[in-house]
Every structure is written in structure tokens, then in C-alpha cells.
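Enquirer: After the C-alpha cells below, expect a handful of questions from me.
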Amino acid sequence: MKALLIGAGCVALVATQAWAQDANQTRSLAATCFACHGNDGRSVGGIPPSLAGRDRAELLKILKDFKEGKRPATIMHQHAKGYSDQQLERIADYFAKIKPGPAAAAPAAR
Ligand code: HEC
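Just add 82 to wherever you are in the sequence shown, counting from 1, and you've got my numbering.
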């Protein structure tokens, strides 16, 4: 019985670690977007548009349209083509779950 409980504990621990790793990987995927769309997708002055808190399905549709060249773009075709459909789903999910808000203040000038 004791062994069984320890076993169950290990499974839970491994599952938690896997989840944390997954979340980190998703954030890394999304972090490539931060450069232009702002940290966590809260863009400065709305250009390019903020991604935080947008509808997941809408984001995914836009990203897939960029990937397939169906939506006009300057730079987004290249970005969207760099990800599998599954990765785009994770990215859309990531931004949809973030609360919209003002962009973080720019670092002070040195
Ligand atoms: C080099 C800057 C840059 C990076 C990096 C970038 N974007 Fe964009 N994004 C743009 C620009 C500029 C547009 C406007 C369309 C265009 O000209 O390509 C845009 C448009 C979009 C739009 C459409 C917004 C709307 O409401 O019309 C979405 C969604 C989007 N980007 C998501 C992403 C995601 C997700 C990533 C990361 C995988 C990303 N972008 C990375 C510059 C960037």
C-alpha cells in the first residue's frame, strides 16, 4: 500500500513537471512575438496590434491565414510559416489567456 502511494506521488510529480515544462515551452514560442507585439502581447501604442486577451479562435484563424498567405502582410507570413499548426494553437491559446492591459513601461534611458 505504501509503495502504491509513493508510486502515485511520483506520477503526480512527473505530471506536474511535464506541465511546467510545457508551459515554459509555450511561453518561449510566444516570446518571439513580444519583440513587435509587446511583452505578453501588450503592444506599445497598438502598433502592431496587441494580442493579449484576444479571442483564441480569431487569433488562430488569422495566424493560419498568414501561414497560407491568405491574409495580406509584410512580415507575418514569414513568422507564421515558421510554426506547425499545433504550435500556432499553443501560441493563440497563450495570448488568449493573458489579461489585456497597457504595455510595460519602457526601460529608463541610460
Ligand atoms: C518583426 C515584428 C513582428 C513579429 C516578431 C511578430 N509580428 Fe505579428 N505583426 C507584425 C506586423 C507588422 C503586423 C501587421 C501585418 C503585417 O504587416 O505583417 C502583425 C500582425 C499580426 C496579427 C494580426 C493582428 C490584427 O489584429 O490584424 C497577429 C494575430 C499577429 N501579428 C500575431 C503574431 C504572433 C503570434 C507572433 C509570434 C509568433 C508575431 N505576430 C510576431 C509584426 C510582427
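For glycine and all other residues, C-beta sits at the position ideal for the given N, C-alpha and C.
Since the model is a prediction, treat every value here as computed from it, not as a measurement.
When you compare each of Ala191, Ile173 and Thr156 to Leu133 by their alpha carbons, which one comes out closest?
Expert: Distance check between Leu133 and each of Ala191, Ile173 and Thr156 places Ile173 closest, using alpha-carbon atoms only.
Enquirer: Between the region 178-186 and the region 122-137, are three or more C-beta pairs nearer than 8 Å?
Expert: Yes, the region 178-186 is in contact with the region 122-137.
Enquirer: Quick check: what's the CA-CA separation for Glu150 versus Ala139?
Expert: 16 Å
Enquirer: Is any heavy atom in the ligand HEC found nearer than 6 Å to the beta carbon of Thr114?
Expert: The closest heavy atom of the ligand HEC lies less than 6 Å from the beta carbon of Thr114.
Enquirer: Please state the DSSP three-state secondary structure of Ser166.
Expert: coil
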